[in-house]
Structures are given as C-alpha cells and as structure tokens.
Amino acid sequence: MIISALNGSIPLKNSYTSNKKSSKQQTTNPIQKNISQSKEENSVKNRKNAYSPSFGMDPFFIMACALYGGFYALTCSIAMYQTEKMDKERAEERLKLAQEQNKRIKQTSNELGVTAEEAETYLYDFISRAEIKPSNDGNEIGLNAVRGYGVEKYKLAVDFIAPVISAQETKNTSRVPNGMILYGPTGGGKTYMSDKVCEHLEHFGTKTTKIELDPIDHEKNCETIQKAYFDGIQDYKTTGKFTVINFVNDVDNLLPDRRYDNSAKKEIGLLLRYTEDSASKGVVWLATANNPKDIDPAILRPGRMDFKLPVGNMEKFAIADMVKYSLIKYDEYDKDKKFKYDKIVNFIDENNQNFTPSELEFFVESAKNHKENPNEKINADMVLAEMQEYIGNDFQTLDEKTVKKFKEDQFYMDTIKNQKETD
872 MIISALNGSI PLKNSYTSNK KSSKQQTTNP IQKNISQSKE ENSVKNRKNA
922 YSPSFGMDPF FIMACALYGG FYALTCSIAM YQTEKMDKER AEERLKLAQE
972 QNKRIKQTSN ELGVTAEEAE TYLYDFISRA EIKPSNDGNE IGLNAVRGYG
1022 VEKYKLAVDF IAPVISAQET KNTSRVPNGM ILYGPTGGGK TYMSDKVCEH
1072 LEHFGTKTTK IELDPIDHEK NCETIQKAYF DGIQDYKTTG KFTVINFVND
1122 VDNLLPDRRY DNSAKKEIGL LLRYTEDSAS KGVVWLATAN NPKDIDPAIL
1172 RPGRMDFKLP VGNMEKFAIA DMVKYSLIKY DEYDKDKKFK YDKIVNFIDE
1222 NNQNFTPSEL EFFVESAKNH KENPNEKINA DMVLAEMQEY IGNDFQTLDE
1272 KTVKKFKEDQ FYMDTIKNQK ETD
C-alpha cells in the first residue's frame, strides 16, 4: 500500500546481541577457580620456576587480554544501546503517526458529519486509491522506497498523492493543492522525497515535468515556466491526467523576496498568476527549499503553494533501514551475515553529518563496485570507507544553530498560511 513503508523496513537485529553471552564469558578471569592453589604455591619464597596466577604466561599479556576484554564488552554495550535507541525512535515514530491519523479521522468526521469509524473507513478508502503494492525486492516504487519519515509520508498520501489520483478519476479538484513545497535543512532528503512523489504519481499516469531555472537568464526562465504550464493545461484537457511541474533546484535561491531582491520579478509575476487555482486546470507545482523565509511570501500564501511540508533529518533507525534497503537493492544483503548498521549510524552521529537517502544508496553501490572479491558481500567498513572519501575534510555540520533555524522556519511557514492576500 502507499503507506506500507511508513516506519521503514523490518527492525534490524543488532549484530552483537547474539554474542552477548559469549562476550561476558571471554572477559571472565580464568584463574579464580585456582586462586587457593596459587596462594599456596606463592607462599614458598625464593622458589625458582614457581607457578604464578599467570599459568606460565607473561602477566603483561594477561593484563592486555583483560583490557581488551573490557573494551570489547564496552563496545558491545554501546552497540546494544544504539540498537535500543533506534528501536525507541521507531516506537516514537509509530506514536506520532497514530496521533496524526487520529487527528485526520476527527477532522474528517467533523467535515462529513459522520462517526469516527465511518471517517476512518473513508480515509482508508481514499488513500487506497493510490496504493502501490511493495515488491520487497529492493526495487520499490514511489513512497515505498522512502525509509522513515512516517508522518511526512502519511501527510503526502492524504494531502497530495491521493487527491491528485482521485481527481483524475472523479474530475473533482477541490482537494488538490495548487502547489507543494518541501522545506528543511540541507541533506534532509527533500529532493529524494520529491522525486519519489513524482515516481509514485507517474505510476498512475500523472505526467511530471522537471524545470530548471537559471539564476541569471530571467527571460529563459519565463519561457520555461510558461511552456510547462500551458503544456500541462493542454494535457489535462486531452487526457484528464494532471501534470506536476517539479523545480529541479531549491527555489529559495531563485525566487527571492522582492522587497529585498527584485532580480526575479518576472518569474515571480508569472508564478503568482499560474499557481493561482492551477489545480482546477490540471497543473500542480512542486518545489523544495532550504530557507523558505527567503522566498517571496506572496508565492507561499494560500491559494498558491498550499501544501507546506517540513522535512527534517533522517532518524537513526531510518538511516539503518535505508542502508538495509540499499543492500537488498544492490544484491548485497546477506541475512546470515551480521551487517553492523550501528557503525554507519555512529559515524554519521559523531561527525555531525547528514546524508540523504540517495547518498546512502550511492555509498552502498560504490562499495559494491569497489570490493576486491566479487563473490563476497560488502560490510559496514566498506560502506564507511566510501562515506569518508565522500566527505573528506569539508562537510556541513548539523549544529544547534541549524536545528533552531529549522524550527523557526516551521513557525514561519505555519503562520504564513493564514496571511491575507496583499499583492
């Protein structure tokens, strides 16, 4: 189903769990049972070649073994903690999803004047129109290929994908947003998600058109926008199918606030006209942005880019699930081999790094292409090597300032929904 992968793949089993017992045994001091014998033998002073608690081994060697055993046990504990943390994140995601679903059921119940049970059935039937059965072979289509982001995918299903597909059948465009914008920190997966949304819609015959705006050639930009818009209207008239116009680049750099930067006034002027009630003409706009406050606010007001979805960074469990999905996709998954997903998660967390789902796929694919033994499945260290080479010494950090800014952007986008038209 369209939301079959809302909470990622099957929970990952920690590679250390099965070895917990054995690791404890390895750290057990082997001389405890012979301590009385050792005391008796050591009581004879000046005796040459007397047995010691080392059983004939170098005491420094024993100390090293003890330290190693302690370090190994600590490593196992950290790995188990990381797995428990990811499981907790999964549970929290499911709770958020359940809360969002209950919220929608109440809204639908009030809107239609029906019981909660009837509203739930209505929503289920509505979303089911956009159902895509999972293949479970690593070649998922649309939202099924997105791991994590459970609440975001649910909102996409209810507020964007299902309305478009339903309108293509019923010709009722009242629930279709004129445009959608995904916003959030760099590396959060906005572009990947928008591509998968388009892929999902294409499965049902919706046409998607990618357009790329030039930061300098404004005349060309206007031509590009006009052509995509009028081609979409014509397609809807002839086929009854919607066209989603997807901006390739983040629009915050291309459609700046005219109060401070008037360079793109021609493109903005066109979009103010073309986004207005565009859904009734069979055209929907799709864009991404890192800094939504930089976009001309008139474009974001109700009646234009109606659907605003914040996309934060991937949760730890989603990172692990995305890596597992990529292993399956590139035929590198070995169910009998304990892939250490926690190594990947720890590396990203310790380096304040954030990778998109497509980048995680890329690392797995690169590790496969670079492995020395083609018959051997790749491991976490191979994937880590690709990640380290990719980021080098220059990568973006996810500091407190970035997180704070994202929250401020969410507040801004929520408040602008209710602003009146003042163009």
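Numbering (the numbering used here), first residue to last: 872 to 1294. We put the CB at the ideal spot given by N, CA and C, even for glycine. Only a predicted model underlies this, so the values are computations on that prediction, with no experimental measurement involved.
Spatial distance of residue i from residue j (CA atoms)
| i | j | result |
| --- | --- | --- |
| T992 | Q970 | 17 angstroms |
| M1258 | N1223 | 13 angstroms |
| T986 | K974 | 14 angstroms |
| E964 | M1284 | 23 angstroms |
| Y1261 | D1123 | 26 angstroms |
| K1024 | Q1281 | 17 angstroms |
| E960 | L1231 | 19 angstroms |
| I1190 | E1094 | 40 angstroms |
| G1174 | Y1196 | 38 angstroms |
| N1007 | E1186 | 22 angstroms |
| V1154 | A1001 | 18 angstroms |
| Y1204 | E1073 | 29 angstroms |
| L1171 | I1003 | 31 angstroms |
| A1169 | E1147 | 11 angstroms |
| L1014 | K967 | 18 angstroms |
| I1287 | M957 | 35 angstroms |
Residue i (DSSP reduced to helix, strand or coil)
| i | result |
| --- | --- |
| G941 | Any reading at G941 is ruled out, since the residue's pLDDT is 48, under 50, leaving its predicted position unreliable. |
| P1245 | coil |
| G1009 | coil |
| V1155 | strand |
| V1168 | Reading off the sequence, residue 1168 comes out as Pro, not Val. Reduced to three states, the DSSP call for P1168 is helix. |
| N1117 | strand |
| M957 | helix |
| A1001 | coil |
| N913 | Confidence at N913 is low in this model, with a pLDDT of 44, below 50, so the placement of that residue is unreliable and no value is reported for it. |
| L1053 | strand |
| G992 | Before going on, a small fix: residue 992 reads as Thr here, not Gly. Reduced to three states, the DSSP call for T992 is helix. |
| I1139 | helix |
| K857 | With the chain represented from 872 up to 1294, any question about residue 857 goes unanswered, as that position is not in the structure. |
| L1125 | coil |
| L1163 | As written in the sequence, residue 1163 is Pro, which differs from the Leu given in the question. Looking at P1163 - three-state DSSP - the assignment turns out to be helix. |
| F1234 | helix |
| P1048 | coil |
| K1179 | strand |
| K1098 | helix |
6 angstroms CB neighbourhood of residue i in its chain, flanking five on each side removed
| i | result |
| --- | --- |
| K1091 | D1085 |
| R1046 | P1034 |
| P1163 | Y1054, D1280 and M1284 |
| S980 | A987 and A990 |
Within 8 angstroms, strictly: CB atoms of residue i and residue j
| i | j | result |
| --- | --- | --- |
| S1065 | N1117 | yes |
| M1051 | M1176 | yes |
| P1048 | F1031 | yes |
| K1067 | V1035 | no |
| P1056 | F1277 | yes |
| K1108 | Q1039 | no |
| Y1212 | E1236 | no |
| G1060 | T954 | no |
| D1167 | R1129 | yes |
| T1077 | D1121 | no |
Burial state of residue i (16 or more Cβ within 10 Å)
| i | result |
| --- | --- |
| N1225 | buried |
| P1245 | exposed |
| K1208 | exposed |
| H1241 | exposed |
| F931 | Bear in mind that a pLDDT of 45 at F931, under 50, signals an unreliable position, so the number given afterwards is only what the model happens to contain. Exposed. |
| K1275 | exposed |
| Y1020 | buried |
| E1221 | exposed |
| Y1054 | buried |
| V1194 | buried |
| N1161 | buried |
| K977 | exposed |
| V1182 | buried |
| I1096 | buried |
Close Cβ partners of residue i (< 7 angstroms) along its chain, the five nearest in sequence each way excluded
| i | result |
| --- | --- |
| A1135 | H1089, L1125, L1126 and P1127 |
| A1099 | T1080, I1082 and I1116 |
Beta-carbon proximity list for residue i, same chain, < 8 angstroms, skipping 5 on both sides
| i | result |
| --- | --- |
| A1238 | E1203, I1249, M1253, V1254, A1256 and E1257 |
| K1152 | G1103, I1104 and Y1107 |
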